Amino acid sequence: MRTLLLLLFLALPIGAVAGEQTVTLSVPTMSCAVCPITVNKALMQVDGVVEAITNYETKTALVIYDDEIADVELLTEATTNAGYPSTIVTPDV
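The letter at position 4 of the sequence shown is residue 185 when you use the working numbering, and the numbering goes up by one with no holes.
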């Protein structure tokens with residue numbers, strides 16, 4: 182019985198267990214190679230952020246977060262407080 186329960190648990194997608202969301206933020210003021218490190222550090226300090234990937238060339242930050250703990254407003258506030266205002270990238274439709 183324990184084996185069956187373990188197999189059922191492992192078969193569940195991770196997204197079904199947590200309320201993970203992904204958002205891309207535009208961070209246009211990243212102007213040097215150190216800027217993405219600062220932005221990444223600020224985002225990772227937000228409770229609920231699972232992963233943050235910053236890209237200097239595209240001046241963006243891809244953030245995976247638990248939407249039961251964090252929201253986009255907290256993410257943009259974190260980058261702004263670190264000196265790098267950000268906005269949500271609207272996907273092309």
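All C-beta atoms in this analysis are idealised placements derived from N, C-alpha and C, irrespective of residue type, glycine included.
In this text, all values refer to a predicted model and were calculated from it rather than measured experimentally.
Regarding residue i and the ligand NAP, is the C-beta to nearest heavy atom distance less than 7 Å?
{"i": "Thr271", "result": "Of ligands this structure carries none, so the ligand NAP is not represented either."}
With a CB to CB cut of under 6 Å and the five nearest residues on each side skipped, what residues in its chain are close to residue i?
{"i": "Ser209", "result": "In the sequence as presented, Ser is not what sits at residue 209; that position holds Pro. If we look at Pro209 and ignore the five residues flanking it on each side, its Cβ neighbours are Lys240."}
{"i": "Asp248", "result": "Gly200, Gln202"}
For residue i, count the other beta carbons within 10 Å of its own beta carbon; 16 or more makes it buried, fewer makes it exposed. Which is it?
{"i": "Asn221", "result": "buried"}
{"i": "Thr235", "result": "buried"}
{"i": "Thr268", "result": "exposed"}
Report the rounded CA-to-CA distance for residue i versus residue j, giving the unit in angstroms.
{"i": "Thr257", "j": "Ala263", "result": "10 Å"}
{"i": "Ser207", "j": "Ala233", "result": "13 Å"}
{"i": "Ile250", "j": "Asp228", "result": "7 Å"}
{"i": "Thr260", "j": "Thr219", "result": "9 Å"}
Rounded to the nearest angstrom, how far is the Cβ of residue i from that of residue j, given a contact under 8 Å?
{"i": "Val270", "j": "Thr205", "result": "4 Å"}
{"i": "Ala242", "j": "Leu224", "result": "6 Å"}
I'd like the list of long-range same chain contacts for residue i, defined as Cβ closer than 7 Å, with 5 residues on each side in sequence excluded.
{"i": "Tyr237", "result": "Met211, Ala214, Cys216, Pro217"}
Quick one: residues in its chain with C-beta nearer than 8 Å to the C-beta of residue i, no 5 flanking neighbours on either side, listed in chain order?
{"i": "Ile245", "result": "Glu201, Gln202, Thr203, Val230, Val231, Glu232, Ala233"}
{"i": "Tyr265", "result": "Val208, Thr210, Met211, Cys216, Thr219, Val220, Ala223"}
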